[in-house]
Amino acid sequence: MQQHADQYIGGGWRPSLGGGALEVRNPATEEVIATVAAGTAADVDAAVAAARAAARDWGLTSREERLAPLTRLRDGLAARQQEIAETIVAEQGSPIGFATGVQAALPLLVASSYVELLAGYEFQEKIGNSTVYAEPAGVVAAITPWNYPLHQVVAKVLPALAAGCTVVLKPAEDTPLVARLFAELVDQAGFPAGVFNLVTGVGSEVGAALAAHPGVDLVSFTGSTAVGRSIAEHAGRGIKKVALELGGKSANVVLPGADLGRAVNVNAANVFANSGQTCTAWTRLLVHQDQYEEAVAIAAKAAAKYQPGDPSSAETRMGPLVSAKQRERVRGYIRAGVEQGARLVVGGAEAPDGLPTGYYVQPTVLADVTPEMTVAQEEIFGPVLSIIAYRDEDHALEIANGTEYGLAGGVWAADEATAAAFARRMDAGQVDINGGRFNPLAPFGGYKSSGVGRELGRHGLEEFLQTKSIQF
Ligand code: NDP
85 MQQHADQYIG GGWRPSLGGG ALEVRNPATE EVIATVAAGT AADVDAAVAA
135 ARAAARDWGL TSREERLAPL TRLRDGLAAR QQEIAETIVA EQGSPIGFAT
185 GVQAALPLLV ASSYVELLAG YEFQEKIGNS TVYAEPAGVV AAITPWNYPL
235 HQVVAKVLPA LAAGCTVVLK PAEDTPLVAR LFAELVDQAG FPAGVFNLVT
285 GVGSEVGAAL AAHPGVDLVS FTGSTAVGRS IAEHAGRGIK KVALELGGKS
335 ANVVLPGADL GRAVNVNAAN VFANSGQTCT AWTRLLVHQD QYEEAVAIAA
385 KAAAKYQPGD PSSAETRMGP LVSAKQRERV RGYIRAGVEQ GARLVVGGAE
435 APDGLPTGYY VQPTVLADVT PEMTVAQEEI FGPVLSIIAY RDEDHALEIA
485 NGTEYGLAGG VWAADEATAA AFARRMDAGQ VDINGGRFNP LAPFGGYKSS
535 GVGRELGRHG LEEFLQTKSI QF
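For the sequence shown, this note's numbering assigns the number 85 to the initial residue and increments by one for each residue that follows.
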């Protein structure tokens, strides 16, 4: 079993100042596969001090000086794809196919996009008698979750480093191993000491200390809306910039005339991928009342293709959830849905047949869901699809916009113009039309309680910049 008692601070691996250990479990076997350092506020102090000490010099480097180590980091990610995928299978439970094709491949795509963007980005412009400089925001605290454990690290750390910021990363306690692998790659890429630092530990201790630290200039957080709110409160007191990528309850709206079969099958793939642990998942399928039972039947058939199983097998399309805590949370939502009157079409709160061990949940389809039910309002973060009937387009829009969230959505229609007009009226940061593909260069982030700020592409880089104008 791997045992790691160190943190990556100031350009090297140093013993954690806490001395405690956190267990990392394989969610498919429930076995402890590693321990990592349970960091403390003292580790955070050391990491922030290292990041502060490095910030001025790194912030004044040229684009080319940053591009060299960033390119080596991208190449390191490319060279270790297989190991990255296997690490994520072991600590997070993604099936190997998804871990390879998405969990490992997406960070590489995003890293490559930042190498290209940095190479062409203009950090200054002339406005009249002023030169306006885009300068780094300073020391960044990056706090990341476990559902896409490397992607969310790369989506924050790469643009921050490209912008000339220095970083302290606190990964989720359930998935520290891939974060440590990332720190090894940063180390090998040859960034100056202190530019990147990693502190593993528990959110309420390390995360909270980092977010509130006076030496941090910007907090970039992905996770629950509850924690995001508390981070924003602390940041408000310290006048820190925040970028928050929070929960979602996204609606996929199928308008009359759309290809219903395709819309529902794509929705199933979307909501059952990664065992439903995706912030942008279309967890609410909205169909016209005349097509309702047809849609329910298609969804039931589609769900059968996602029977959970061993994530290390290439055949498996759905693995376990990340932890016992998440499994219980999701099962509680399924029970609440049925208690409030939803019809259980497939799935349920019991463990799937033949899988007594592991944090598995059955792919579940709930019909007769009404907009005010808990399962239609709260983020479940599991393989649960709620199907809701609407009367007409305005009713569909009212339901789609009727939650506190506004992260993503889908619209299906006979023609793109109709779908786009509907999408423009949705309170959501990104909407896919007729199954439009994910674009790693497009801004990613939420409306309403789904967050503030944008990640990915140019917008993601600019989150980590601040503006200075000098008049001549
Ligand atoms: P959290 O929001 O608690 O965790 C996200 C990150 O924040 C982790 O690194 C966590 O550390 C850290 N953290 C926890 N508490 C604090 C704090 N007080 N100050 C600073 N950082 C903190 O999510 P959970 O893992 O508890 O998941 C609960 C629910 O959140 C999910 O069911 C889902 O609904 C939502 N969620 C949404 C995500 C998204 O992509 N938008 C991602 C993950 C969860 P630690 O791991 O040690 O707790």
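Virtual Cβ for every residue (Gly too), placed ideally from N, Cα, C.
Closest residue to residue 480 among 468, 427, 494 (Cα-Cα distance):
494
Per-residue DSSP class, three states only, for residue 283:
coil
Along the beta strand (DSSP E) that carries residue 325, what are the first and last residues, could you check?
325–329
Residue 415 classed as buried or exposed, judged by whether at least 16 other C-beta atoms fall within 10 angstroms:
buried
Between the region 86–93 and the region 173–188, can you find at least three pairs of beta-carbon atoms closer than 8 Å?
no
Is residue 298 buried or exposed, if buried means 16 or more other CB atoms sit within 10 Å of its CB?
exposed
Going by DSSP, what residues sit across from residue 253 in a beta bridge?
226, 282
Report the CB separation of residue 125 from residue 289 in whole angstroms; it is logged as a contact under 8 Å.
7 Å
Cβ contact check for the region 357–368 and the region 428–442: 3 or more pairs under 8 Å
no
For my contact list, residue 304 and residue 335 are in at a C-beta cut-off of 8 Å; report their separation, rounded to the angstrom.
The pair is not a contact, with the Cβ atoms about 27 Å apart (cut-off 8 Å).
Beta strand (DSSP E) segment containing residue 196, residue limits:
Careful: residue 196 lies outside any beta strand (DSSP E), inside the alpha helix (DSSP H) at 189–204.
So for residue 168, helix, strand or coil by DSSP?
helix
Check whether the Cβ of residue 314 sits closer than 8 Å to any heavy atom of ligand 1, and report yes or no.
yes
Looking at C-beta atoms only, is the number of pairs between the region 345–362 and the region 317–324 that lie closer than 8 Å three or more?
no
Could you check if residue 294 belongs to the surroundings of ligand 1, using beta carbon to heavy atom distance under 8 Å?
yes
Are the C-beta atoms of residue 89 and some chain C residue less than 9 Å apart?
In the displayed structure, chain C is absent; only one protein chain is listed.
Less than 7 Å between C-beta atoms, sequence neighbours within five positions excluded: which residues of the same chain meet that for residue 122?
102, 104, 105, 106, 285, 286
Enumerate in chain order the residues of its own chain whose CB-to-CB distance from residue 238 is below 6 Å, with the five nearest sequence positions on each side excluded.
191, 194, 195
By Cβ distance below 7 Å, which residues in the same chain neighbour residue 407 in space, the five residues on each side in sequence not counted?
111, 258, 443
Would residue 162 pass as a contact of residue 201 if the rule is Cβ separation under 9 Å?
no
Whose C-beta lies closer than 7 Å to the C-beta of residue 549 among residues of the same chain, with five residues either side of it excluded?
218, 219, 220, 221, 247
Within the continuous beta strand (DSSP E) that includes residue 566, where are the two ends?
Residue 566 lies beyond the stretch modelled for the chain, which goes from 85 to 556, so this question has no answer here.
Pick from 542, 532, 546: whose alpha carbon is nearest that of residue 313?
532
With 16 other Cβ atoms within 10 Å as the buried cut-off, status of residue 236
buried
Output needed for residue 403: all residues of its chain with C-beta closer than 7 Å, excluding positions within five of it in sequence on either side, in chain order.
112, 177, 178, 179, 359, 392, 395
I'd like the span of the beta strand (DSSP E) that includes residue 574, first residue to last.
Here the chain has residues from 85 to 556 only, and residue 574 is not among them.
Should residue 210 be labelled buried (16 or more other beta-carbon atoms within 10 Å of its own) or exposed?
exposed
Confirm the yes/no value for this check: CB of residue 523, any heavy atom of ligand 1, distance under 8 Å.
no
Note down, in chain order, each residue of its chain lying with its Cβ closer than 7 Å to the Cβ of residue 139, except the 5 sequence neighbours on either side.
222, 223, 250
Is residue 333 helix, strand or coil by DSSP?
coil
Can the beta-carbon of residue 492 be found less than 9 Å from the beta-carbon of residue 468?
no
Apply the 10 Å Cβ neighbour rule to residue 338 and answer buried if 16 or more other Cβ atoms are within range, or exposed otherwise.
buried
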